[in-house]
Structures are given as structure tokens and as C-alpha cells.
Amino acid sequence: MDEVLDEALVKDHKPAWKGGDQPYEASYGKLMMWFFLITDTLTFSAFLASYGFSRFKYPDIWPNPEDVFSHFPFLHGEHPLLFVALMTFILIMSSVTMVLAVNYGHKMQKKKVILWLSLTIVGGAIFLGSQAWEWGHFIHGDKGGINTQTEHVVHIAEGEKLSSVYELMGADGHDGTHHHFTVDQVITSLEANPQYNIRKANRMYLTNEDAIAYLRENASEVLLGANLKNNEYGHPLFADYFFFITGFHGFHVFSGVILLIIILINVVKGTYERRGHYEMVEKVGLYWHFVDLVWVFVFTFFYLV
Amino acid sequence: MASETKGNWWIWKVFWILLFITAFEVALGIIKPSFLVDTIFLGTKLINHVFIILTIIKAAYIINQFMHLGHEKVTLKWTILLPALILVPYLLFILLNEGFYTYLKI
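Protein chains in written order, with the working numbering: chain A, 1 to 305; chain B, 1001 to 1106.
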């Protein structure tokens, strides 16, 4: 018996699952990182699937993403998708610099690991900044909307084109002051400016008279911007999912940046050089690519679909 | 490690593939070709199926190349992929189906 045990401890039994005595041929740490990533995959899948549930439940009144995310910092006018496309590019780029850092870690080239790891941190920081801008813009709001008793948010239009509450009221939405309008003010303004009308939540345009009648009967308040209870873009759940899913992802990016900073300090101190391998860089790299992977799905299901 | 002898060219290859697919998605999202938007297939627009397929291709490249799963032992590959491949479609099926069902009930 003892001989068999000794042999098992000394010899590499290759055929056993083909990884020998290590069936997976992966270290404990790497394996545990993978298991954590599986659980995180299921968490994010649940978020995105429940987003899909709500979207299938309210298909007629769910906001169009391209009406919501249509602005680019420092640029005027409507540029749907461009800003998130840039954010996606930044995250893919930081994934590439991460792979390069891992690759040079295998080759034990400390200076190059420091260079590419630092660039990855810069990429992550730029992404977080972009997300902060996106959140700020989303919370401040863009065109304004009018809530109804059935929570079908309607928007001001000019003919068959979306306009905004600010344009109707002759106010500047980006002058830094806190605006507040009442439903009565909006109705008075619609009566005075017959070129304006509304687009209902199901994207039907009403004539000026029908719009006034509809608002008199149904409107409850004028919504400017977004919070967890109400948002000017449409159904309240839309903003809740936006804050929750992009927020949870942003928290992952933030944690990733912190982890990267910690291992960068260790690399500079020579901890992994002394240890003889850069496996820690590889493990944090796995996490970082996962964050990129999640964003690929968030990008599709929140902004494209 | 295979990557030690391979150099870095494969990293940039994957980068260009991911960038090209993303650019293509954004272009589709802005242009919105009418035959893709107006055709409904399996409960959603055809363009959404195109987006989802392209997203899965991107995900496959990230997992296989960047996360190196393609170079791990077959047993490890399936240990990691199977829970997601079984549970996620199941979750999606249940929730999307029920979402549509609750829509009909209003």
C-alpha cells in the first residue's frame, strides 16, 4: 500500500484526466479565480435577464436607447452610440495592455510588466471617468418628460420630431440652474405655441389640441432628469436597471483598478521576481478580462438592442 | 506556456478583430438597415439577432484568447463553460418567456 502511495506522490501520473496528478493543470489560485468568475457570470446574467424580462413586459413604452444616450462630451447635437463605443474601445484597449503585461510576466521582464500594467490602470481610470460623465448626464437629463398616472412618460415634440421641455418653455437646460416646471405651465405653453405637440410613450405623435387634451386628463408631473423613483426617459424601471447594472459593472472596474494598483506596487517592489513567477498578474488579468467581457454584453443589451 | 514562444502578434490580431466587430456593430446601430429592422424573427428584430451573434463571437475571443481558456486542459474548459452554458440560456428562456406572458396579461 505504502509503495503505491509513494509512487503516486513522486511520479506524474499523466493519464489521470490527462493532467496527471493535477487534473486541471492549473494552480489553486487560478482555479478559484475561475470559480469566482463563474458565480459573477451568473449574477450579471440574472441582471441582464431581468432587464430583458421588464423590456418584454413593457415592449410598447420602453424607451429607445438611442433617444437616451445620444450625447458626446464637448460636442453639440445628437451622436447616438458614439460615446459608449468609445468607452468600449477604451476597455478593449485596456484588456490588450493587460494581456501584454501577463505575457511579459511569463518572460520575467519586470520593466515591461510595469509599463503595460500602468497603461491598464490608466485605461481603467479613463473608463471610470467616462462612466461618471455618462451617469451625470443621465441624472441631469436631456429633453425632459411628462409623467402620467399610468407611468407612461410622454415627450414634447415639434411635428414628428422630438423636441424638449426646455425648448417649449424657452429655457436653457444646460445653464447650470435648477429648473422646475408644472403641468399647467406646460399646457399653457402648448396653447401659446401650436407648433409643439407630444409624443406618447408608445411613440405615437398627437396633434397640438389632442396633446393638450391628453395632458389635461393624464399628466401628473413634469420630470427633469432621472432618479430611482422617476425618470424623464420612460418607465421608472429603465433608470433603475441603468443605475444597477452599469453601477455594478462600474464597481467591478473600480475594484479591478484597486487590485491592479496593489499588484503594480508588488511588481515594483520585486515581490513576484523573488517568488519566481508572475502568476498574481495573471490572476488579476483574468478578473480584468472578465470585466471587459461583461461590458461587451452590457453594451449590446443596454445600448444596441 | 505556448505564449512564450508565440510573441505578441496574436494579441494584436485579437484586438483588431474585437475593434472591427465593435465598429461594425456601432455602424449597424446608427445606419439601421430597414430589412434588418423591419423583419421580426423569434420575437425580436433581425438586427438584434445580428448584434447578439456578434457579441457572442467577441465574448468567445476574449474568453479563448485573452483569458487563455482555449489553451487550458479540456476538463478545466468544460468545468468552467458548462455551468454558464446550461444555466444562462435556461434563465433567459424562463424570464423572457414570462416577461412576454405578463405583457399579454395586462
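Yeah, the Cβ is synthetic: ideal placement off N, Cα and C, and Gly gets one too.
- With 16 or more other Cβ atoms inside 10 Å of its own Cβ, A/M87 counts as buried.
- With respect to the 7 Å criterion, B/F1024 and A/S95 are not classified as neighbours on the basis of their beta carbons.
- Membership of A/S45 in the alpha helix (DSSP H) is indicated by the continuous run Y28 to K57.
- In the same chain as A/K200, and ignoring 5 residues on each side of it, the C-beta atoms closer than 8 Å to its own belong to H152, V154, L206 and Y214, in chain order.
- Taking A/F243 as the centre and dropping the five residues before and after it, the same chain places no C-beta closer than 6 Å to its C-beta.
- The residues I1047, in chain order, have a CB closer than 8 Å to that of B/K1032 in the same chain once the five nearest residues on each side in sequence are set aside.
- Residues Y166 of the same chain have their beta carbon placed closer than 7 Å to that of A/D172, with the five preceding and five following residues left out of the count.
- With contacts defined as CB atoms closer than 7 Å, A/N197 and A/A157 qualify as a contacting pair.
- Chain A places no beta carbon closer than 7 Å to that of B/V1050, leaving this residue out of the contacts.
- Per DSSP, the unbroken alpha helix (DSSP H) holding A/N103 starts and ends at L82 to H106.
- Residue pairing by DSSP places B/T1044 opposite B/F1041 in a beta bridge.
- When the Cα atoms are used, A/L264 and B/P1089 turn out to be separated by approximately 38 Å.
- Sorting A/F69, A/L162, A/L81 and A/G105 by C-alpha distance to the C-alpha of A/G136 places A/F69 at the top.
- Within its own chain, the residues whose Cβ lies closer than 6 Å to the Cβ of A/F290, once the five positions on either side in sequence are excluded, are L37, listed in chain order.
- Listed in chain order, the non-local C-beta contacts of A/E160 below 6 Å within the same chain comprise Y205, local neighbours out to five positions each way being set aside.
- Taking 7 Å as the CB threshold, B/I1057 stays off the interface with chain A.
- Taken atom to atom, the span from the alpha-carbon of A/T150 to that of A/H178 is near 26 Å.
- With a 10 Å radius around the Cβ and a threshold of 16 neighbouring Cβ atoms, A/A239 comes out buried.
- No Cβ-Cβ contact shorter than 7 Å links A/V122 with A/V281.
- Taking a contact as a CB-CB distance under 8 Å, the pair A/L48 and A/F301 counts as one, their CB atoms being some 5 Å apart.
- When the alpha-carbon of A/S163 is set against those of A/D142, A/F181 and A/T182, the nearest one is in A/D142.
- Pairing B/L1096 with A/G52 gives a Cβ-Cβ distance under 7 Å.
- In the structure shown, B/E1098 adopts helical secondary structure according to DSSP, grouped into three states.
- Contacts with chain A at 7 Å (Cβ-Cβ) do not include B/I1031.
- A/L162 is bridged by DSSP to A/A157.
- Of all residues in the segment 214-237 of chain A, none is placed with a Cβ closer than 8 Å to any Cβ belonging to chain B.
- In the three-state scheme derived from DSSP, where H, G and I count as helix and E and B as strand, A/Y287 is classed as helix.
- For a cut-off of 8 Å, the C-beta gap from B/L1076 to A/Y24 is around 4 Å, short enough to register as a contact.
- Listed along chain A, the residues sitting closer than 8 Å to B/A1084 by beta-carbon distance are I38, T41, L42 and S45.
- The C-alpha of B/N1008 is placed about 27 Å away from the C-alpha of A/S255.
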